[in-house]
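All letters in the sequence shown, in the order written, are residues -34 to -1, 1 to 143 by mature numbering (1 follows the signal peptide of the UniProt record, and there is no 0).
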Amino acid sequence: MCLSPSLPPFLRARSMSRTVAIAFACLLSTTANAACPAATPVDTARWIYEKHQDFYLNGKGSADYLSKPLLSLLKKDWACQNGDQCAVSANPWTDAQDGDVQKPIDWKLVSNSDKQAVVEMTYNLGYKDAPQQPVASQTTRLLLAKNANSCWVLENLQGPQGVALMQSLEEFPYEGD
């Protein structure tokens, strides 16, 4: 923006203040978005899987990408995991204790609103140590929600057997409940 020298000084200062205010507002909005792991539900789901697929293991989950209710229930489960059988007894991504997610992985947005989205992850479950075993095509559903910072976070995970992680965590009879 070019400030004309023919403008009176008070108008030039006012125009410059407006320019600085707009630039500052843009900087703040960019900074807020930069704190999110990804901008879209699909990209967030992919990021969580690629960077933090072990979020359900003791001490691995974080409020950076998990909803408060899910993280709270996971912490309860982690406290139980001192050799005891707890709510999470299999990989919640696959609903299996064995097997590996094999590429390619297909990510698809199933539903989306301002506050929630559902993303499907379709993949083949195979066995690296037993390649003769047949692979099975499976789909896992991720429920994402926007947190206080307007970032997408994982709120629930439903494995291919239809088992919702939140339901398993909520219904497990922890000692002392």
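Even glycine gets a Cβ: it sits at the ideal position worked out from N, Cα and C.
Length of the line joining the Cα atoms of Ala130 and Val8: Distance between the alpha carbons of Ala130 and Val8: 19 Å.
Alpha-carbon to alpha-carbon, Arg107 and Val119: 14 Å
Stretch-stretch touch, CB-based, cutoff 8 Å, three pairs: the segment 57 to 77 with the segment 93 to 113: yes
Exposure label - Pro97; buried when at least 16 CB within 10 Å: So Pro97 ends up on the exposed side.
At least three beta-carbon pairs within less than 8 Å, the segment 80 to 91 to the segment 6 to 26: yes
For Asp66, the residue or residues it bridges with in DSSP: Gly92
Whole-number beta carbon distance between Asp61 and Pro126, since they are thought to touch under 8 Å: 6 Å between Cβ atoms; contact.
Same chain only: Cβ atoms within 6 Å of Ala56, ignoring 5 sequence neighbours per side: The residues are Ala62 and Gln63.
Local conformation of Glu61 per DSSP, three classes: This sequence places Asp at residue 61; Glu is not what is there. When secondary structure is reduced to three states using DSSP, Asp61 falls in the coil class, being assigned neither helix nor strand.
Which listed residue (Asn24, Lys26, Tyr31 and Asp20) has its alpha carbon closest to that of residue 185: Past the boundaries of the shown model lies residue 185; the chain is included only from -34 to 143, so the question cannot be answered.
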